[in-house]
Amino acid sequence: MEICLTDQDDAELVRSLLIEAANWMVSVGIRQWNPEQFTEQEIATYFAKREIYLVVGPDGPVGMFTLQQSDPDYWGSLNEEGYSYLHRLTVTPSYRGHALGRDFIYWAARRSRELGRKGLRFDCWSENRKLNPYYSKLGMETRGKGALNGREYILYEMNSELYRKL
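Just so you know, the sequence shown maps onto residues 2 to 167 in my numbering.
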């Protein structure tokens, strides 16, 4: 698989991957994302504020994620520039269950180191009973809680030793 930085030409592909992931979440009762939130305008803002990485396999797109250098919306007073903040990690349905989420996160950590960033951070909706334990098993440490739009999020940072080793 290849992970590459994408550009505005792939906006509709990025949008379709996010809508597909949101529809799946809704179908299994995870109310973290809403398909309607991924408008063309919303995706356009991603290209202005984030690095968008597309993961491509031999048969086409496998997933995607974004990185940004600051995240005051979720991290509030705990936000610190110079970290990579990971968002919108998605794996297409036919590739779920193969630990690709972990691989994407670890790749994002290595990329963040290449970019000279202090570490890798991200958030997860506090009610997501599947992902929160998973992130802890991957070496993520809780840094606090954030709130946005009436929802509470757990804030994670990759263990600094793991970050240096990857």
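The beta carbon of each residue, even a glycine, is placed where N, CA and C say it ideally should be.
Fair warning: this is a prediction, and the values are worked out from it, not measured in the lab.
Inset, instruction - Sort ILE53, PHE48, VAL15 and ASP60 by Cα distance to CYS5 and report the nearest one. - result: Position 4 of the sequence shown, counted from the start, is the residue given in the question as residue 5. The candidate whose alpha carbon is nearest that of CYS5 is ILE53.
Inset, instruction - Using a threshold of 8 Å, state whether the C-beta atoms of PHE105 and LEU121 are closer than that. - result: Translated into positions along the sequence shown, residue 105 becomes position 104. Translated into positions along the sequence shown, residue 121 becomes position 120. 8 Å or more divides the Cβ of PHE105 from the Cβ of LEU121.
Inset, instruction - Quick one: grab the DSSP three-state call for ALA148. - result: Counting from one through the sequence shown, the residue named residue 148 turns up at place 147. If DSSP states are grouped into helix, strand and coil, ALA148 belongs with the strands.
Inset, instruction - Taking 8 Å as the threshold, find out whether the segment 64-71 comes into contact with the segment 83-103 through three or more Cβ pairs. - result: Taking 8 Å as the limit for Cβ pairs, the verdict is that the segment 83-103 does touch the segment 64-71.
Legend entry - Exposure of ASP60, with buried meaning 16 or more beta-carbon neighbours within 10 Å: Against the sequence shown, residue 60 aligns to sequence position 59. Under this definition ASP60 is an exposed residue.
Inset, instruction - Apply the 10 Å Cβ neighbour rule to SER113 and answer buried if 16 or more other Cβ atoms are within range, or exposed otherwise. - result: By 1-based counting over the sequence shown, the position of residue 113 is 112. Residue burial annotation: SER113 is buried, with at least 16 other C-beta atoms found within 10 angstroms of its C-beta.
Legend entry - For ASP124: DSSP bridge partner residues: Numbered from its first residue, the sequence shown carries residue 124 at position 123. Answer is LEU156, bridged to ASP124.
Inset, instruction - Have a look at LEU163 and LEU79 and give me their C-alpha separation to the nearest angstrom. - result: Within the sequence shown, the letter at position 162 stands for residue 163. Within the sequence shown, the letter at position 78 stands for residue 79. For the pair LEU163 and LEU79, the Cα-to-Cα distance works out to about 21 Å.
Legend entry - Paired residues, beta bridge with TYR84 - DSSP: Working through the sequence shown from its first residue, we reach residue 84 at position 83. Beta-bridge annotation (DSSP): TYR84 is paired with GLU82.
Legend entry - For MET65, the first and last residue of its enclosing alpha helix (DSSP H): Translated into the one-based positions of the sequence shown, residue 65 becomes position 64. MET65 -> not in any alpha helix (DSSP H); beta strand (DSSP E) instead, spanning 61-69.
Inset, instruction - Give the straight-line distance between the Cα atoms of PHE66 and GLY102, rounded to the nearest whole angstrom. - result: The sequence position of residue 66 within the sequence shown is 65, counting from 1. The sequence position of residue 102 within the sequence shown is 101, counting from 1. Each residue's Cα considered, the two are about 10 Å apart.
Inset, instruction - Check whether the segment 12-20 touches the segment 36-52, counting contact only when three or more Cβ pairs, one atom from each stretch, lie closer than 8 Å. - result: The way I'd put it, the segment 12-20 does touch the segment 36-52; three or more beta-carbon pairs between them come closer than 8 Å.
Legend entry - Alpha-carbon spacing of VAL56 relative to GLY151, whole angstroms: Locating residue 56 in the sequence shown gives position 55, counting from the first residue. Locating residue 151 in the sequence shown gives position 150, counting from the first residue. Separation of VAL56 and GLY151 (C-alpha to C-alpha, rounded to the nearest whole angstrom) is 32 Å.
Inset, instruction - Confirm, please, whether the CB-CB distance from ALA49 to PHE39 is below 8 Å. - result: For this step, residue 39 is matched to residue 38 along the sequence shown. For this step, residue 49 is matched to residue 48 along the sequence shown. No, they are not a contact pair.
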